[in-house]
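Have a look at the structure below before the remarks.
Protein chains in written order, with the UniProt record's numbering: chain A, 1 to 287; chain B, 1 to 321.
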């Protein structure tokens with residue numbers, strides 16, 4: 001192969017390696033937590049409401065990671081927690097994607113006052129932090145995983161909606177849209193055939209980031225007692241319960257946090273890796 | 001500039017008006033009756049009706065709304081359903097904790113993130129450049145309350161240098177104690193906030209480092225420091241300022257969790273009890289004040305961007321915001 005002047009093949013190689021390294025590391029980290037969640041559906045070391053272990057038992061001796069202050073097995077709690085976290089992330093992102101894309105596309109197509117109103121409304125919604133909106137919705141309904149997911153998803157759909165609006169407007173200004181319109185293609189077909197394929201790389205990356213944020217938000221809500229109720233262990237509530245015994249039984253106050261961080265870093269790395277793969281221009285800017 | 005200022009100010013007022021309508025309607029859509037919080041369990045229908053009358057929740061909604069807006073225009077945030085105390089002074093007292101907490105954390109985060117983000121970009125091929133990027137990846141993945149717990153365990157429970165939580169009842173009359181009890185919460189927020197800021201500063205710096213104008217300035221014989229100071233700083237600060245505005249606003253409101261970790265009597269805990277008790281005036285008061293703060297911060301950030309970047313000023317006559 002002929003080498004272009006000024007091109008260093010070694011550097012190109014390391015770059016593509018680090019790029020796949022980002023994606024691979026991310027998949028490994030998030031996949032490990034995902035696997036834990038998957039296994040918890042079929043098998044748990046103990047029943048999640050089994051309190052036979054004795055208060056704050058040390059790791060080992062039938063309980064791989066010890067027990068919490070109610071005598072529940074820590075590993076069991078962690079595993080159900082991973083399921084809740086993955087559910088929270090997936091559920092919120094699903095809502096955010098559905099509502100956000102719909103709102104964003106509508107706002108982009110709307111002209112004049114409707115566009116202005118939708119944009120101002122989205123801006124105001126965004127000014128309300130996820131957590132506050134979530135607290136309101138959770139207070140209105142009861143503290144369940146569904147309320148938390150609904151709240152987080154709706155708050156995030158404002159962010160997704162604003163992004164989609166900008167992306168769609170940019171595509172709509174392109175010549176091929178005019179050409180397509182002139183040749184008689186209907187708007188729904190244009191959205192499906194031209195707009196969505198053009199915006200999805202950016203959208204997918206953003207949704208991956210929203211997944212991580214949703215997991216963090218759910219943990220925050222559970223920490224405040226506004227998440228999934230017992231006996232469904234959520235990492236946030238596990239941390240809140242273990243806060244008082246941090247120095248005497250550190251495992252319970254560290255393990256859920258570590259898993260949470262691993263999952264969120266994993267998903268963020270996947271987002272970074274995807275952006276680099278899907279959007280070469282952004283890669284050049286970042287390098 | 002004057003025309004822009006006026007337009008931006010009108011936008012602020014319209015947003016505030018819209019936000020207060022949304023706030024009011026959203027709250028009334030909540031199921032549950034505030035009168036239930038006032039009466040004992042098993043109260044008779046007359047008692048509940050009397051409780052509704054006393055707080056005015058039996059009136060039609062438009063009347064309640066105009067009443068609330070009328071109070072707001074007179075600078076009155078209303079009276080708590082539950083404690084019968086005026087909401088304004090209570091919010092003011094809580095701001096004494098939340099505002100210093102937020103501002104100190106914000107300043108500290110900027111002091112950490114700007115040099116760190118610059119280094120992460122300028123020295124990105126060295127080990128400490130990568131380390132900085134890695135640490136910021138870690139920082140955006142850490143739940144803020146868990147970081148708070150860890151800091152408490154290390155600095156309060158093990159080393160016993162600082163209090164684990166709470167705020168002196170005399171507040172700022174004992175400045176030493178007040179400051180000591182805010183050190184860990186400030187550190188918690190600042191660390192998490194700077195993690196995401198570093199990424200923005202880093203990418204803004206990268207844009208500047210790869211720019212044609214910087215290369216031109218260097219080619220014309222300007223030293224790197226001088227070129228960065230004269231051309232780079234101004235260009236890099238425009239996107240960073242807009243992010244700073246958003247970060248400051250979200251920290252002010254996101255202090256709820258951190259205040260809960262450290263048992264601080266701030267705006268967040270007031271809101272939390274308000275929500276638990278269906279105390280509409282308290283919730284409305286807290287959310288109105290915070291929305292106002294968010295909008296003013298956004299206004300200031302927009303203005304600052306225009307002062308920094310003359311190109312934004314010229315663009316406004318086109319009417320495209």
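Idealized CB from N, CA, C, for every residue including glycine.
Cross-chain neighbours of residue i in chain A, by beta carbon under 7 Å
{"i": "residue 142 of chain B", "result": "261"}
{"i": "residue 260 of chain B", "result": "224"}
Three-state secondary structure (DSSP) of residue i
{"i": "residue 60 of chain A", "result": "strand"}
{"i": "residue 89 of chain B", "result": "helix"}
{"i": "residue 248 of chain A", "result": "coil"}
{"i": "residue 79 of chain B", "result": "strand"}
{"i": "residue 123 of chain A", "result": "helix"}
{"i": "residue 46 of chain A", "result": "coil"}
{"i": "residue 116 of chain A", "result": "helix"}
{"i": "residue 235 of chain B", "result": "helix"}
{"i": "residue 225 of chain B", "result": "helix"}
{"i": "residue 109 of chain A", "result": "helix"}
{"i": "residue 228 of chain A", "result": "coil"}
{"i": "residue 124 of chain B", "result": "coil"}
{"i": "residue 262 of chain B", "result": "coil"}
{"i": "residue 323 of chain B", "result": "Not covered by the structure: residue 323 of chain B. The range shown for chain B is 1 to 321."}
{"i": "residue 64 of chain B", "result": "helix"}
{"i": "residue 31 of chain A", "result": "helix"}
{"i": "residue 185 of chain A", "result": "coil"}
{"i": "residue 233 of chain A", "result": "coil"}
{"i": "residue 169 of chain B", "result": "coil"}
{"i": "residue 51 of chain A", "result": "coil"}
{"i": "residue 136 of chain B", "result": "helix"}
{"i": "residue 272 of chain A", "result": "helix"}
{"i": "residue 371 of chain B", "result": "Outside the displayed span of chain B (1 to 321) sits residue 371 of chain B, for which this structure offers no information."}
Endpoints, alpha helix (DSSP H) assigned at residue i
{"i": "residue 305 of chain B", "result": "280-308"}
{"i": "residue 213 of chain B", "result": "212-219"}
{"i": "residue 4 of chain B", "result": "2-29"}
{"i": "residue 188 of chain B", "result": "175-209"}
{"i": "residue 194 of chain A", "result": "Element bounds for residue 194 of chain A: n/a, residue is neither H nor E."}
{"i": "residue 45 of chain B", "result": "45-55"}
{"i": "residue 164 of chain A", "result": "145-172"}
{"i": "residue 179 of chain A", "result": "175-182"}
{"i": "residue 150 of chain B", "result": "144-151"}
{"i": "residue 84 of chain B", "result": "Residue 84 of chain B -> no alpha helix (DSSP H), and no H or E assigned at all."}
{"i": "residue 276 of chain B", "result": "267-276"}
Contacts of residue i in chain B (Cβ-Cβ under 8 Å)
{"i": "residue 265 of chain A", "result": "137, 138 and 141"}
{"i": "residue 268 of chain A", "result": "137, 140 and 141"}
{"i": "residue 94 of chain A", "result": "The contacting residues do not exist; residue 94 of chain A stays about 22 Å from chain B at best."}
Chain A contact for residue i (CB, 8 Å cutoff)
{"i": "residue 222 of chain B", "result": "no"}
{"i": "residue 158 of chain B", "result": "yes"}
{"i": "residue 238 of chain B", "result": "no"}
{"i": "residue 145 of chain B", "result": "yes"}
{"i": "residue 87 of chain B", "result": "no"}
{"i": "residue 193 of chain B", "result": "no"}
Proximal chain A residues relative to residue i, where beta-carbon distance stays under 9 Å
{"i": "residue 244 of chain B", "result": "Here the premise fails: no neighbours, minimum Cβ distance about 15 Å."}
Residues bridged to residue i (per DSSP)
{"i": "residue 73 of chain A", "result": "A/67"}
Neighbouring residues, chain B, relative to residue i (Cβ below 9 Å)
{"i": "residue 136 of chain A", "result": "26, 27, 30, 275, 283 and 287"}
{"i": "residue 212 of chain A", "result": "140 and 141"}
{"i": "residue 81 of chain A", "result": "The premise fails here: residue 81 of chain A is roughly 13 Å from chain B at the closest Cβ pair, so nothing lies under 9 Å."}
Any C-beta of chain B under 8 Å from that of residue i
{"i": "residue 38 of chain A", "result": "no"}
{"i": "residue 143 of chain A", "result": "no"}
{"i": "residue 66 of chain A", "result": "no"}
{"i": "residue 104 of chain A", "result": "no"}
{"i": "residue 77 of chain A", "result": "no"}
{"i": "residue 174 of chain A", "result": "no"}
{"i": "residue 286 of chain A", "result": "In this predicted model, residue 286 of chain A has a pLDDT of only 49, less than 50, meaning its place in the structure is not dependable; the value taken from the coordinates is given anyway. Closer than 8 Å: yes."}
{"i": "residue 273 of chain A", "result": "no"}
{"i": "residue 74 of chain A", "result": "no"}
{"i": "residue 114 of chain A", "result": "no"}
{"i": "residue 257 of chain A", "result": "yes"}
Proximal residues of chain A, C-beta to C-beta of residue i below 8 Å
{"i": "residue 153 of chain B", "result": "246, 247, 250 and 253"}
{"i": "residue 257 of chain B", "result": "131, 220, 223 and 224"}
Neighbour list for residue i in chain B, Cβ cutoff strictly below 7 Å
{"i": "residue 153 of chain A", "result": "Within chain B, no residue comes near residue 153 of chain A; the closest Cβ sits about 16 Å away, beyond 7 Å."}
{"i": "residue 243 of chain A", "result": "149"}
{"i": "residue 91 of chain A", "result": "Going along chain B, no residue has its Cβ under 7 Å from residue 91 of chain A, so there is no contact; the nearest lies around 18 Å."}
{"i": "residue 216 of chain A", "result": "143"}
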